[in-house]
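Colleague: Provided herewith is a single structure, encoded as structure tokens, for subsequent inquiry.
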Amino acid sequence: MTHSLETILEALQATFPALSLDTRAMLTDETVISVPGDVLTEVVGELIESFDFYHLTTITGLDTGEGLVLLYHFWNIHGLTLYVALPYTEARVPTLTELIPGVAMYEREIHEMLGVDFTGLETSAPFLLPDDWDDTLPLRKQAVESEDEV
Amino acid sequence: MQTAFTLLIFPGLGFIVLCAWLFDWLDRRIIARFQGRVGPPWYQPVADFIKLLAKEDILSTGINPALSTALPVLSLASVLTVSLYIPVARTAPVSFEGDLIVVLFLLSIPALAYFLAGWISGGVYGILGANRSLLQYFSYEVPFLMALSGPAILGNSWRIAQIAQQQVGTTWNLALQPLGFILAVVGLIGKLKRDPLDIPKAKSEVVGGSLTEYSGRKLALWHLAMDMQTVLGIFLLINLFLGGTSASPLWGGLGFVLKALGIVLLLSTASVLYARLRIDQLANLGWRVLAPLALMQLAATIWMGG
Amino acid sequence: MKSDKMIIPIGPQHPLLKEPIAFTLTVEGERVMEAGMRMGYVHRGIERLAQERSYVQTIHLVERVCGICSHVHATTYCQGVEALLGLEIPPRAQYLRALLCELERIHSHLLWLGVLGKNLGLDTIFMYAWRDREIVLDIMEDLSGGRVSHAINVIGGVRSDVDEAHCDEILRQLDLLTEPLARLVGLVEHERTLKARTQNVGHLSLEQIRRYCVVGPVARASGLDVDLRRDMPKAPYTDLSFKVITHTAGDVWARTLVRMQEAVESVRLCREILAQLPDGPISVKAKRRVPPGEVVSRAEAPRGELIYYIRSDGSEKPARLKIRTPTLTTLITLPEQLREVNMADVPAVLSGVDLCIACADR
Amino acid sequence: MVNWARRKSLWVLHYNSGGCNGCDIEILDLLTPRYDVERLGILKEASPRHADVLLCTGPVTRQSRDRMRRIYAQIPAPKWVVVIGSCGSSGGVFQGAPSVMGGVDQLLPVDMYVPGCPARPEAIIDAMAQLMEAIA
Numbered sequence: 001m002t003h004s005l006e007t008i009l010e011a012l013q014a015t016f017p018a019l020s021l022d023t024r025a026m027l028t029d030e031t032v033i034s035v036p037g038d039v040l041t042e043v044v045g046e047l048i049e050s051f052d053f054y055h056l057t058t059i060t061g062l063d064t065g066e067g068l069v070l071l072y073h074f075w076n077i078h079g080l081t082l083y084v085a086l087p088y089t090e091a092r093v094p095t096l097t098e099l100i101p102g103v104a105m106y107e108r109e110i111h112e113m114l115g116v117d118f119t120g121l122e123t124s125a126p127f128l129l130p131d132d133w134d135d136t137l138p139l140r141k142q143a144v145e146s147e148d149e150v
Numbered sequence: 151m152q153t154a155f156t157l158l159i160f161p162g163l164g165f166i167v168l169c170a171w172l173f174d175w176l177d178r179r180i181i182a183r184f185q186g187r188v189g190p191p192w193y194q195p196v197a198d199f200i201k202l203l204a205k206e207d208i209l210s211t212g213i214n215p216a217l218s219t220a221l222p223v224l225s226l227a228s229v230l231t232v233s234l235y236i237p238v239a240r241t242a243p244v245s246f247e248g249d250l251i252v253v254l255f256l257l258s259i260p261a262l263a264y265f266l267a268g269w270i271s272g273g274v275y276g277i278l279g280a281n282r283s284l285l286q287y288f289s290y291e292v293p294f295l296m297a298l299s300g301p302a303i304l305g306n307s308w309r310i311a312q313i314a315q316q317q318v319g320t321t322w323n324l325a326l327q328p329l330g331f332i333l334a335v336v337g338l339i340g341k342l343k344r345d346p347l348d349i350p351k352a353k354s355e356v357v358g359g360s361l362t363e364y365s366g367r368k369l370a371l372w373h374l375a376m377d378m379q380t381v382l383g384i385f386l387l388i389n390l391f392l393g394g395t396s397a398s399p400l401w402g403g404l405g406f407v408l409k410a411l412g413i414v415l416l417l418s419t420a421s422v423l424y425a426r427l428r429i430d431q432l433a434n435l436g437w438r439v440l441a442p443l444a445l446m447q448l449a450a451t452i453w454m455g456g
Numbered sequence: 457m458k459s460d461k462m463i464i465p466i467g468p469q470h471p472l473l474k475e476p477i478a479f480t481l482t483v484e485g486e487r488v489m490e491a492g493m494r495m496g497y498v499h500r501g502i503e504r505l506a507q508e509r510s511y512v513q514t515i516h517l518v519e520r521v522c523g524i525c526s527h528v529h530a531t532t533y534c535q536g537v538e539a540l541l542g543l544e545i546p547p548r549a550q551y552l553r554a555l556l557c558e559l560e561r562i563h564s565h566l567l568w569l570g571v572l573g574k575n576l577g578l579d580t581i582f583m584y585a586w587r588d589r590e591i592v593l594d595i596m597e598d599l600s601g602g603r604v605s606h607a608i609n610v611i612g613g614v615r616s617d618v619d620e621a622h623c624d625e626i627l628r629q630l631d632l633l634t635e636p637l638a639r640l641v642g643l644v645e646h647e648r649t650l651k652a653r654t655q656n657v658g659h660l661s662l663e664q665i666r667r668y669c670v671v672g673p674v675a676r677a678s679g680l681d682v683d684l685r686r687d688m689p690k691a692p693y694t695d696l697s698f699k700v701i702t703h704t705a706g707d708v709w710a711r712t713l714v715r716m717q718e719a720v721e722s723v724r725l726c727r728e729i730l731a732q733l734p735d736g737p738i739s740v741k742a743k744r745r746v747p748p749g750e751v752v753s754r755a756e757a758p759r760g761e762l763i764y765y766i767r768s769d770g771s772e773k774p775a776r777l778k779i780r781t782p783t784l785t786t787l788i789t790l791p792e793q794l795r796e797v798n799m800a801d802v803p804a805v806l807s808g809v810d811l812c813i814a815c816a817d818r
Numbered sequence: 819m820v821n822w823a824r825r826k827s828l829w830v831l832h833y834n835s836g837g838c839n840g841c842d843i844e845i846l847d848l849l850t851p852r853y854d855v856e857r858l859g860i861l862k863e864a865s866p867r868h869a870d871v872l873l874c875t876g877p878v879t880r881q882s883r884d885r886m887r888r889i890y891a892q893i894p895a896p897k898w899v900v901v902i903g904s905c906g907s908s909g910g911v912f913q914g915a916p917s918v919m920g921g922v923d924q925l926l927p928v929d930m931y932v933p934g935c936p937a938r939p940e941a942i943i944d945a946m947a948q949l950m951e952a953i954a
């Protein structure tokens, strides 16, 4: 009973007017929906219950020079990505661990690498980085540039 | 002079150590051949022993040095005294009524020494290995003792030499008590912690079991004690079940060697065929399967031997 | 025996683990109460390194994410970059890539079976499985020159070709492999002690699989009928017929069966690929600069769904490379699987999920 | 005599300090029927106390640095260190990564380097053979 993508987009548009559906499809059969940060948990909840998009493949965090971007890749025969843009200063997103228990690992990694803090996620222990890491954020743009000059 | 010879050379220390190395090499070779490999050269156990003797002997903190050296020596000593009572070429240096019970007691000292070694080592794996060796000891010891007391009842004497003597010429105890022999072999595998039942020293679960902290000379003594226990266990089974050494010197000696190799082959195939059992599976196998069988076997021998 | 809580470290160095990862199990008596996990011993910052290397150099970096499934990583990465470039690679190259992917699946499953046997104390299965695996390694070495890391992929196709005699040689070696593989599958199915050690151990229900988004053989063993080769077919798989193997028991025993039958299925698939191998060129010229864009490329690695997210900003170096390997999803479920498990079952559970820490830590 | 024994019975302990497990598989391959190092007297041991040779693979990541020093200290003398694969020798393809320290020789005195990515089983056996000659 996989709904076709269009029905899902209309349904989401109806329930979340604030959603700007710039559905610029990625090259390989992947539709992208940009979602504001605060309404993220409701959108994901909706996706899982009514459209059976339970499978969150991963969260990609990237630094586009102007701000941070989080991509939540979902998959159910077709790919669906939620695009969440965040300013550098106030990079805060609610955690999804109640909806998808396994997501803590992806969130802790992004917290370590990019500095996005997920409200409600305990991030005391380092996840991938060594214990004695001098907490520069490795995947931030300026970290990479500084590496080249030196 | 004659007793010095028998003590130190023939059925005593020299012979048993050589047999230990030979059987260890044979065992590793047979297992390798089963797995399609070539297996170690003949001098491998000797090389391992000498190398371990020459290695540095690290004592990790928190271990009581006197006790940790005493344990391997104790288990080696008890295994050596066992070699006095087991007749090899029809002569046992010391033989008296009831030496079977002494042998069984002496054979269980290394198991307890192994438990104590793990207990004092303080390391997590040591304690875990020690707990498991104790659990395993309880589950195989009772069926093992009952299986070995079958021939004693049949030959109505507790003297190994006499039990062996009665079987010469007449039917072996193996024919009369096949079930007893199988239980004894399973008990022996449990006592020697060999492959299907090597739970206390399972490499993948408890690293080295009680021997994780041992290195150098003490480890060499442990390995030697283990190998000698294998040899003496096999000799014990031969005397009780397979008729010991028969009358004619040539045929008797050859027969003894063949029987010993047969049991080594049996032990090696067992270790190749079966995956390691879990400790609770072993306990439940020991008490739900082996013990009742041993009881049945005993009842049959009493009713038959009477 | 004191039965208070004991902390057992299955530390970075342990015979059970080929690679460093630290589990801390709190054990009461013989029962595991709580399982903690510390990863990161193998974290080499590959995603960070990829941003400083050109697209061509990143292929060699990406092949060394994991030593067992290096070809699948390179294939997924190249497919992503080719999609960014808008390149259509020749069908022969697609078939050769799929051939090596399937060979790598067989070698990975046989390797896993050996490790499971070794951890359960049955060294014979380890020796037999790895001896038969050598045949697969020989085929891969003839094909690409490398036993483990093949470097056969270039952006735009494949580096080395297969002529007629070579095809027959591979087919002959595949026939050489089928008989021992069938014997191994038979041995695994009828071995009582192995079954006793793996049945209803490390159980994962279908509901748990869906909640934790688990992928690959571990999910298929619990009944989740998902296989990217069939659900999102890339070029050669569209006209290859193969069935997805699923079981419902969801324990280590079902995973053994799924993996072994998948290996047998992959041998059949290799033959089919070789039979339908189209002729033609094996690679297409690719430009050095990749036009800006972003792509998510997915593939079915031996352990499950593998994702590459590549974002390019028009320069020679990828702006962002995100790799999500299948082992991460099974690692998430491990603390759940290990709870309430008998201490002696820990090896079966840990080797049942086929951990590849190098994949997970990147 | 003692040197002969040391040469003929090398017990090996394997530690992967951050590699891609290509070399680890080749080390495990040594035990299998085709290469079978048990005929040379080489056994793979589980506890550092029982080992003679430490086989290290992979570039040393900062997380596994002190663990590696501890393992090296736990092995009783005489002990040797053999580095397998180019990652262990020089950091290999992961050189320059922030969390990678590069070769093993920055940490432990290394006796033998085995090149290759991953090093072939024959190359590892050849290294062990040369180590045996070095011991005599």
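Protein chains in written order, with my numbering: chain A, 1 to 150; chain B, 151 to 456; chain C, 457 to 818; chain D, 819 to 954.
We put the CB at the ideal spot given by N, CA and C, even for glycine.
1) Just how far apart, CA to CA, sit Pro190/B and Val196/B?
2) Looking only at its chain, what residues have a beta carbon closer than 8 Å to the beta carbon of Ala804/C, apart from the 5 residues adjacent to it on each side?
3) Quickly, what does DSSP pair Ser421/B with across the bridge? List them, please.
4) Closest to Glu109/A by CA distance: which of Leu80/A, Leu137/A and Phe74/A is it?
5) Could you give the first and the last residue of the continuous beta strand (DSSP E) run that contains Val75/A?
6) Kindly indicate if chain D contains any beta-carbon less than 8 Å away from that of Ile515/C.
7) Do Ile889/D and Leu872/D have their CB atoms nearer than 8 Å?
8) Could you pull out every unbroken alpha helix (DSSP H) segment of at least 4 residues lying fully inside the segment 326–373 of chain B, listed in chain order?
9) I'd like to check one pair, Thr57/A with Lys778/C: are the Cβ atoms closer than 8 Å?
10) For Tyr264/B, I'd like the list of residues in its chain whose CB is within less than 6 Å of its CB, leaving aside the five on either flank, ordered along the chain.
11) Is the separation between the beta-carbon of Leu382/B and that of Ile413/B shorter than 8 Å?
12) Since Trp898/D sits in a beta bridge, which residues does DSSP pair it with?
13) Name, in chain order, the residues that DSSP records as bridge partners for Ala757/C.
14) Residues of chain D with a CB under 7 Å from the CB of Glu475/C: which are they?
15) In whole angstroms, give me the CA-to-CA distance for Gly909/D and Trp586/C.
16) Residue range of the beta strand (DSSP E) that Leu56/A falls in?
17) Quick check on Glu508/C - is its C-beta less than 8 Å from some C-beta in chain B?
18) If Val437/B and Ser258/B are in contact, beta carbons under 8 Å, what's the gap, nearest whole angstrom?
19) Which same chain residues end up closer than 6 Å to Ser678/C when comparing Cβ atoms and leaving out the 5 residues on each side of it in sequence?
20) For the alpha helix (DSSP H) that contains Tyr287/B, what are its first and last residues?
21) Using a 10 Å radius around the Cβ and a threshold of 16 neighbouring Cβ atoms, would you call Ser807/C buried or exposed?
22) When you compare each of Glu544/C, Gly523/C and Gly536/C to Cys905/D by their alpha carbons, which one comes out closest?
23) With 8 Å as the C-beta to C-beta threshold (strictly closer), list the residues of the segment 112–133 of chain A near chain D in chain order.
24) For Phe199/B, count the other beta carbons within 10 Å of its own beta carbon; 16 or more makes it buried, fewer makes it exposed. Which is it?
25) Establish whether the CB of Met919/D and some CB of chain B are separated by less than 8 Å.
26) Would Glu149/A be called buried (16 or more neighbouring beta carbons within 10 Å of its own) or exposed?
27) Only counting the same chain, and skipping five residues up and downstream in sequence, which positions put a Cβ closer than 8 Å to that of Glu10/A?
28) What number of angstroms, rounded off, separates the C-alpha of Arg852/D from the C-alpha of Glu590/C?
29) Residues in the segment 873–884 of chain D with C-beta within 8 Å of chain C's C-beta atoms, listed in sequence order?
30) Return the residues of the segment 782–799 of chain C that lie within a Cβ-Cβ distance of less than 7 Å from chain E, sorted by chain order.
31) Listing by chain order, which chain D residues have their CB less than 7 Å from the CB of Pro138/A?
32) Which residues does DSSP pair with Ile779/C in a beta bridge?
33) Relative to the C-alpha of His703/C, which candidate in Glu728/C, Val723/C and Gly672/C has its C-alpha closest?
34) Distance, Cα to Cα, Met688/C vs Val84/A?
35) Answer yes if the segment 265–275 of chain B comes into contact with the segment 462–475 of chain C, meaning at least three C-beta pairs across the two stretches below 8 Å, and no otherwise.
36) If you draw a straight line from the alpha carbon of Pro737/C to that of Arg711/C, how long is it in whole angstroms?
Modeller: This is what the structure holds:
1) One C-alpha to the other measures close to 11 Å.
2) So the list reads Leu572, Asn575, Leu576, Arg653, Thr654, Val657, Gly658 and Val708, once near-sequence residues are dropped.
3) Here Ser421/B is not bridged, per DSSP, to any residue.
4) Nearest option by C-alpha distance: Leu137/A.
5) This sequence places Trp at residue 75/A; Val is not what is there. Run containing Trp75/A: Leu68 to Asn76, per the beta strand (DSSP E) assignment.
6) Ile515/C does not count as touching chain D.
7) Contact flag set, yes.
8) DSSP runs (the alpha helix (DSSP H)) wholly in the segment 326–373 of chain B: 328–342 and 353–356.
9) Contact flag unset, no.
10) Excluding sequence neighbours, Tyr264/B sits near Ser283 and Ser360.
11) Not closer than 8 Å, so no.
12) Partner(s): Val871/D.
13) Beta-bridge partners assigned by DSSP to Ala757/C: Gly760/C.
14) Chain-order list of chain D residues neighbouring Glu475/C: Asn834, Asn839 and Asp842, by C-beta distance under 7 Å.
15) Looking at the two C-alpha atoms, the distance is approximately 29 Å.
16) From DSSP, the beta strand (DSSP E) with Leu56/A extends over Leu56 to Asp63.
17) Taking 8 Å as the threshold, the shortest C-beta distance from Glu508/C to chain B does not fall below it.
18) A quick correction: the sequence has Trp, not Val, at residue 437/B. Contact annotation, Trp437/B with Ser258/B: C-beta distance approximately 18 Å; criterion of less than 8 Å not satisfied.
19) Leu660, Leu662, Ile665 and Gly706, listed in sequence order.
20) Element bounds for Tyr287/B: Val274 to Leu304.
21) With 16 or more other Cβ atoms within 10 Å, it is buried.
22) Of the listed residues, the one whose Cα sits closest to Cys905/D is Gly523/C.
23) Per Cβ criterion, the list reads Leu129, Pro130, Asp131, Asp132 and Trp133.
24) With 16 or more Cβ atoms within 10 Å of its Cβ, Phe199/B is classed as buried.
25) For Met919/D, the answer is no, since every Cβ of chain B falls outside 8 Å of its Cβ.
26) The predicted position of Glu149/A is uncertain, since its pLDDT is 33 and thus under 50; a value taken from the coordinates is nonetheless stated next. If you draw a 10 Å sphere on the C-beta of Glu149/A, you find fewer than 16 other C-beta atoms in it, and that means exposed.
27) A distance below 8 Å between beta-carbons, with the five flanking residues on each side excluded, links Glu10/A to no residue of its chain.
28) If you take the alpha carbons of Arg852/D and Glu590/C, they lie about 8 Å apart.
29) Contacts with chain C (Cβ-Cβ distance below 8 Å) from the segment 873–884 of chain D involve Gly876, Pro877, Thr879, Gln881 and Ser882, listed in chain order.
30) No chain E appears in this structure, whose protein chains are A, B, C and D.
31) Going along chain D in sequence order, the residues near Pro138/A (Cβ under 7 Å) are Pro916.
32) DSSP output for Ile779/C lists Tyr764/C as bridge partner(s).
33) Out of Glu728/C, Val723/C and Gly672/C, the CA that lies nearest to the CA of His703/C is found in Gly672/C.
34) Cα-Cα distance, rounded: 26 Å.
35) Short answer: they touch.
36) Looking at the backbone, the Cα of Pro737/C and that of Arg711/C are separated by about 40 Å.
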